[in-house]
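Worksheet: the structure to be examined is printed underneath.
Protein chains: 2
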Amino acid sequence: MVTMSDVAREAGVSMMTVSNVLNGHRRVVPPTRDRVLTAIEKLGYEVNLTARHLRSGRTDTVALIVPGFHDYYGDVADRIAPLVEEGGRRLVLERTGASPRSEIESLSVARLQMYDGVLLSVAGLDRERLESVRTKAPIVLLGEREVPQRFDHVQLANEEGARLATAHMLARGSRRVLVLGGAPGETSGMASLRRAGWETAHREAGVPADSALVVPLTTYSAHESREVLGGLLDAGVHVDGIFAVTDTVALGALAALADRGIGVPDDVQVVGFDDLDVGKYLSPGLTTIDPNHDEVARSAVRLLDRRMAGGDDPPEHVVVPVRLVVRGSTRA
Amino acid sequence: MVTMSDVAREAGVSMMTVSNVLNGHRRVVPPTRDRVLTAIEKLGYEVNLTARHLRSGRTDTVALIVPGFHDYYGDVADRIAPLVEEGGRRLVLERTGASPRSEIESLSVARLQMYDGVLLSVAGLDRERLESVRTKAPIVLLGEREVPQRFDHVQLANEEGARLATAHMLARGSRRVLVLGGAPGETSGMASLRRAGWETAHREAGVPADSALVVPLTTYSAHESREVLGGLLDAGVHVDGIFAVTDTVALGALAALADRGIGVPDDVQVVGFDDLDVGKYLSPGLTTIDPNHDEVARSAVRLLDRRMAGGDDPPEHVVVPVRLVVRGSTRA
DNA sequence: CTGTTAGCGCATTCAC
DNA sequence: GTGAATGCGCTAACAG
Numbered sequence: 001m002v003t004m005s006d007v008a009r010e011a012g013v014s015m016m017t018v019s020n021v022l023n024g025h026r027r028v029v030p031p032t033r034d035r036v037l038t039a040i041e042k043l044g045y046e047v048n049l050t051a052r053h054l055r056s057g058r059t060d061t062v063a064l065i066v067p068g069f070h071d072y073y074g075d076v077a078d079r080i081a082p083l084v085e086e087g088g089r090r091l092v093l094e095r096t097g098a099s100p101r102s103e104i105e106s107l108s109v110a111r112l113q114m115y116d117g118v119l120l121s122v123a124g125l126d127r128e129r130l131e132s133v134r135t136k137a138p139i140v141l142l143g144e145r146e147v148p149q150r151f152d153h154v155q156l157a158n159e160e161g162a163r164l165a166t167a168h169m170l171a172r173g174s175r176r177v178l179v180l181g182g183a184p185g186e187t188s189g190m191a192s193l194r195r196a197g198w199e200t201a202h203r204e205a206g207v208p209a210d211s212a213l214v215v216p217l218t219t220y221s222a223h224e225s226r227e228v229l230g231g232l233l234d235a236g237v238h239v240d241g242i243f244a245v246t247d248t249v250a251l252g253a254l255a256a257l258a259d260r261g262i263g264v265p266d267d268v269q270v271v272g273f274d275d276l277d278v279g280k281y282l283s284p285g286l287t288t289i290d291p292n293h294d295e296v297a298r299s300a301v302r303l304l305d306r307r308m309a310g311g312d313d314p315p316e317h318v319v320v321p322v323r324l325v326v327r328g329s330t331r332a
Numbered sequence: 001m002v003t004m005s006d007v008a009r010e011a012g013v014s015m016m017t018v019s020n021v022l023n024g025h026r027r028v029v030p031p032t033r034d035r036v037l038t039a040i041e042k043l044g045y046e047v048n049l050t051a052r053h054l055r056s057g058r059t060d061t062v063a064l065i066v067p068g069f070h071d072y073y074g075d076v077a078d079r080i081a082p083l084v085e086e087g088g089r090r091l092v093l094e095r096t097g098a099s100p101r102s103e104i105e106s107l108s109v110a111r112l113q114m115y116d117g118v119l120l121s122v123a124g125l126d127r128e129r130l131e132s133v134r135t136k137a138p139i140v141l142l143g144e145r146e147v148p149q150r151f152d153h154v155q156l157a158n159e160e161g162a163r164l165a166t167a168h169m170l171a172r173g174s175r176r177v178l179v180l181g182g183a184p185g186e187t188s189g190m191a192s193l194r195r196a197g198w199e200t201a202h203r204e205a206g207v208p209a210d211s212a213l214v215v216p217l218t219t220y221s222a223h224e225s226r227e228v229l230g231g232l233l234d235a236g237v238h239v240d241g242i243f244a245v246t247d248t249v250a251l252g253a254l255a256a257l258a259d260r261g262i263g264v265p266d267d268v269q270v271v272g273f274d275d276l277d278v279g280k281y282l283s284p285g286l287t288t289i290d291p292n293h294d295e296v297a298r299s300a301v302r303l304l305d306r307r308m309a310g311g312d313d314p315p316e317h318v319v320v321p322v323r324l325v326v327r328g329s330t331r332a
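Protein chains in written order, with the UniProt record's numbering: chain F, 1 to 332; chain P, 1 to 332.
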C-alpha cells in the first residue's frame, strides 16, 4: 500500500504538505502543489479514510438506518443521497434487521461513531428502544411512530392525509368507508393517526363513523390485507369505500375485491397512502396520498446538517404536508 | 470518550487483556475476564471500530453497491444481510448514483478499503469502467451485464427464463409474441440474452420469430413501456402475446392494454420477469419468471466468503436457475 | 495466561 | 508557506 509518506518522499516535501494539498486546509503554492499532484498520480496514491477518521474524528459519511432494505425507504433514500452528497458526504444504508440483538447493535455507540450523522427510520423500533439510544451524535428520526421529544423528527401529515382520503370518498357518495389497517383507540403511531383522520372526515361530513369499520392489521402486507378484507366481505360486512392505510394494503384490498367480482370504483371506492409507482399502472389507477418524499428528504437532511454543524437549537418536529392524488379507484 | 486504557486501569489489567476479552482471540481466565467485563459495564465502554480497523486491517463490514436504492436489489439485499451476518460481519448498502463521478468514487481504492468485501451490482456500469477497477480486494459482481473474466460473477439464467416464458405462451396458442425490452442483435447483456431466449423458444416450437416484434426500451420503466407498447398497438401492430423483460415493463404493458380495452389473457397473454410482489395482487395475476433471489444471495455470499478467506481459486461465473410462475395473465 | 513494545496512516499543533 | 513532532485507539508480535 502506498502511503502519504511515500508521496511526500517522491515529491520531496513533508507529509503535511501532501495532506494540505489533499484536503485544502492550508494554501500550498502552485509549483509545490503540482509536484505533489504528480507524485500522487505516479504512485497511484489514495488516502486511507480509516486513518483520516481516527485522526480527525470526521467520517464524511451519513447513515440511513432502516428496518429492511426492500421497504419503501428506498425511494426516500434515493432522494436523500444527493442532498447528503451536496454537503460533501456520502450516504450508506444499514438495516436494523429482524432480531432485537442486531437492532440494538445498529444503535450502539460503536456503530454510531462510524458516521458524522445518522438518519434513523423508527418504523421498526419501539419507544423504549429509542430512549435507550445513548449518544450525543447527530441523529434525526424519520417515521410515523411516536418518538422521545429530545430527538429531531420528520414525519408525514398522517391525520391530514387520512382525512383527505376519507373526505374524498364521502364526498363521492360512500357511506360505509372501512379503514383497513387502522388502529382503534390511541392517538399516536401511523395506524392510529390515520384512523383519527378517518374519524375527522366523518365528523366534518356529518356522517357517523362506525367503529366496526376500523379493521386493524398486524403486518400491513398485501397478503394479510387480502385475507382480512376477504374474510369480512365473505362474512357479509357492508362496505362501499375502503381507506387502506398504505398502498401495499390497498393492493391486497383490490385483489380481495377482484377475487369476488366487486367493482372498483362503482361498488366500492378505494384510496391508499404512499403513492407507490405501481398505483399509476393498475386499472383502474389507485387514488392515493402522495407522501411528498422530496420534502421528507429535504427536511431530514436540513435538520441533520444543523446538528452536524454543531447547532444546539431545540429539537424540531417537522410534519410534512401531503396531498391527494386522484385516479380511477374513486369516482369522478 | 472512554477508551480501552481506561478500562484496563479500572480493571487493574493491561490493555491487551481487555482487547482479548473483547475479541476472544486468546483465552482469558474467568476471574480476570469478569473484572474486565465489570469495568466495561461500569464505564460504559465500547470499542472504537475505526481504531480497530486501522490497526487490524479488518472492518467486519461488507458493502453491497447498487445503482440506486429503490430498485429491485432491495429484495436481494434483505436476503444477503443475514448470510453476511452469519459470517460475523454486517452489510451496508451504497449507491453508485447517476453521475459517472460518484460511480467512479464508489469503486475507488479509498472506498473499497472500508470493506472486507464488496458485492457490486453491475447494472449501471459499463465494461470499461469495470476493467478500470484496480484492486485485489475481494469483489463479487452481481447482475446481467457482461463482465471481465477475472471477477467472480453471479447472474440469472436470463436466456433460459426468457425461453420458458415465451414457450409457455407459444404452447398456449400465441403466435405473435412481442418481446418488450428486448435488444436486437448481440448476445450479451440482459436485454439481448432475454431476446435470445425468446428466439430459442420460437425455434423449438417451430414458430417463426418476427424480428419486428423485438421492441427495445431505453429506461425499462413502466412509463416508457406503456408509451412504447401503446404506440405500437395504436399503429395496428398485431400481437397476441407479450414477453416483458421485467415485471416493471410488464406493469406498463398491462396498463397500455387496459387503456385500450384489450383483454388479458384472452386477447393477449403477458409474462414478466422478476416475480415482484405486486404481480400476485394484480387481476389477473402476472405470470412471470422467479429470479430465485435466495440462490443469488447464497451464491454471492459464498463466493465473497471464499475471497475474503484468501482463496485464490479461479474466478467463478455462477448462473442461477430460474423458474416459471404461472398466474392469470396467461391461459390455462 | 498476561504484559510490553511498537506502529497502523493520517491530521493537529506548534515551530520556523 | 512548509516542516517536525506527536498521538488518535487499538491489536500483532513477541516476551515472560
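Cβ coordinates follow ideal geometry from the N, Cα and C atoms, glycine included. Please read these numbers as outputs of a predicted model, since none were measured by experiment.
Neighbouring residues, chain F, relative to P/Ala77 (Cβ below 9 Å): Simply Gly68, Phe69, His70, Leu93, Arg95.
Given that P/Val109 touches chain F, what residues does it touch there, using C-beta distances under 7 Å? Result: Glu46.
Could you pull out every residue in the same chain whose Cβ sits closer than 6 Å to the Cβ of F/Ala167, ignoring the five residues on either side in sequence? Excluding positions up to five away in sequence, the list reads Ala201.
Extent of the continuous beta strand (DSSP E) to which F/His153 belongs: Following the DSSP letters along the chain, one finds F/His153 inside the beta strand (DSSP E) bounded by residues 152-156.
Classify P/Val29 as buried or exposed, calling it buried when 16 or more other Cβ atoms lie within 10 Å of its own Cβ. Exposed is the call here.
Below 8 Å on the Cβ atoms is my contact criterion, and I expect F/Val154 with F/Ala300 to pass it. Report the Cβ-Cβ distance as a whole number of Å. Yes, they are in contact, since the Cβ atoms of F/Val154 and F/Ala300 sit about 5 Å apart, within 8 Å.
Neighbouring residues, chain F, relative to P/His53 (Cβ below 7 Å): Neighbours of P/His53 on chain F, chain order: Thr50.
Rounded to the nearest angstrom, how far is the Cβ of F/Asn292 from that of F/Pro265, given a contact under 8 Å? Contact between F/Asn292 and F/Pro265 fails: their C-beta atoms lie close to 24 Å from each other, not under 8 Å.
Residues of chain F with a CB under 8 Å from the CB of P/Arg226: which are they? Chain F residues near P/Arg226: Tyr281.
Any idea if P/Gly44 is buried or exposed, counting beta-carbon neighbours within 10 angstroms, 16 or more meaning buried? It counts as exposed.
Against chain P, with Cβ distances strictly below 7 Å, would F/Ala256 count as a contact? At a cut-off of 7 Å, the C-beta of F/Ala256 has no neighbouring C-beta in chain P.
Tell me whether F/Leu213 sits in a helix, a strand or coil according to DSSP, three-state version. Helix at F/Leu213.
Taking just the CA atoms, how far does P/Glu94 sit from P/Val271? Taking the straight line joining both Cα atoms gives about 32 Å.
Enumerate in chain order the residues of its own chain whose CB-to-CB distance from F/Gly328 is below 6 Å, with the five nearest sequence positions on each side excluded. Excluding five sequence positions before and after F/Gly328, the CB atoms of its chain that fall closer than 6 Å to its own CB belong to Pro284, Gly285, given in chain order.
Pull the bridge partners of F/Ala63 from the DSSP assignment, please. DSSP lists F/Val92, F/Val118 as the beta-bridge partner residues of F/Ala63.
Starting from P/Arg323 and walking both ways along the alpha helix (DSSP H), at which residues does that stretch end? Element bounds for P/Arg323: not the alpha helix (DSSP H) but the beta strand (DSSP E), 323-325.
Taking C-beta pairs closer than 8 Å, name the residues in chain F that P/Gly252 reaches, listed in chain order. What P/Gly252 touches in chain F: Tyr281.
Check each residue of the segment 113-142 of chain P: if its Cβ is closer than 8 Å to any Cβ of chain F, include it; give the result in chain order. Those residues of the segment 113-142 of chain P that come within reach of chain F (Cβ to Cβ, closer than 8 Å) are Gln113, Met114, Arg134.
Let me know the beta strand (DSSP E) ranges lying completely inside the segment 233-270 of chain P, each 3 residues or longer, listed in chain order. Considered as a whole, the segment 233-270 of chain P harbours 241-244 as its complete beta strand (DSSP E) runs of no fewer than 3 residues, in chain order.
Is the shortest distance between the beta-carbon of F/Ala222 and the beta-carbons of chain P less than 7 Å? Using a CB distance cut-off of 7 Å, F/Ala222 counts as an interface residue toward chain P.
Measure from the C-beta of F/Gly74 to each C-beta in chain P and report whether the shortest distance is under 7 Å. Chain P, which has a Cβ nearer than 7 Å to the Cβ of F/Gly74, makes this yes.
To which residues does DSSP link P/Leu303 through a beta bridge? DSSP lists no beta-bridge partner residue for P/Leu303.
Out of curiosity, what's the CA-to-CA distance linking P/Leu142 and P/Gly173? Those two C-alpha atoms are separated by around 36 Å.
Check whether the Cβ atoms of P/Pro67 and P/Thr96 sit closer than 7 Å, and answer yes or no. Pairing P/Pro67 with P/Thr96 gives a Cβ-Cβ distance under 7 Å.
If we cut at 7 Å on Cβ distances, does P/Val319 have a partner in chain F? Proximity of P/Val319 to chain F, defined by a Cβ-Cβ separation below 7 Å, is not satisfied.
Is there a Cβ from chain F that is less than 7 Å from the Cβ of P/Val215? No - not a single Cβ of chain F is within 7 Å of the one on P/Val215.
Per DSSP, cross-strand counterpart(s) of F/Thr287: Beta-bridge pairing links F/Thr287 to F/Val271.
Are the segment 224-237 of chain F and the segment 189-204 of chain F touching, with three or more C-beta to C-beta distances below 8 Å? The segment 224-237 of chain F vs the segment 189-204 of chain F: no contact.
Does P/Gln113 pass the burial test, meaning 16 or more other C-beta atoms within 10 Å, or should it be called exposed? With 16 or more other Cβ atoms within 10 Å, it is buried.
For P/Glu144 and P/Gly189, the rounded distance between their alpha carbons: Straight through space, the alpha carbons of P/Glu144 and P/Gly189 are spaced by roughly 6 Å.
Return the residue from the list F/Gln269, F/Gly161, F/Arg150 that minimises the CA-CA distance to F/Thr330. For the residues F/Gln269, F/Gly161, F/Arg150, the minimum Cα distance to F/Thr330 belongs to F/Gln269.
Does the Cβ of F/Ala309 have 16 or more other Cβ atoms within 10 Å, making it buried, or fewer, making it exposed? Taking all protein chains in view, the Cβ of F/Ala309 is surrounded by fewer than 16 other Cβ atoms within 10 Å, so the residue is classified as exposed.
Taking Cβ to Cβ, would you say P/Trp198 is nearer than 7 Å to P/Ala253? Pairing P/Trp198 with P/Ala253 gives a Cβ-Cβ distance that is not under 7 Å.
Sheet register partners of F/His317 (DSSP bridge): F/His317 is bridged to F/His153.
Taking the beta strand (DSSP E) that F/Val140 falls in, what are its first and last residues? First-last of the beta strand (DSSP E) with F/Val140: 139-142.
Is there a C-beta anywhere in chain P that falls below 7 Å from the one on F/Val278? By this cut-off, F/Val278 is an interface position.
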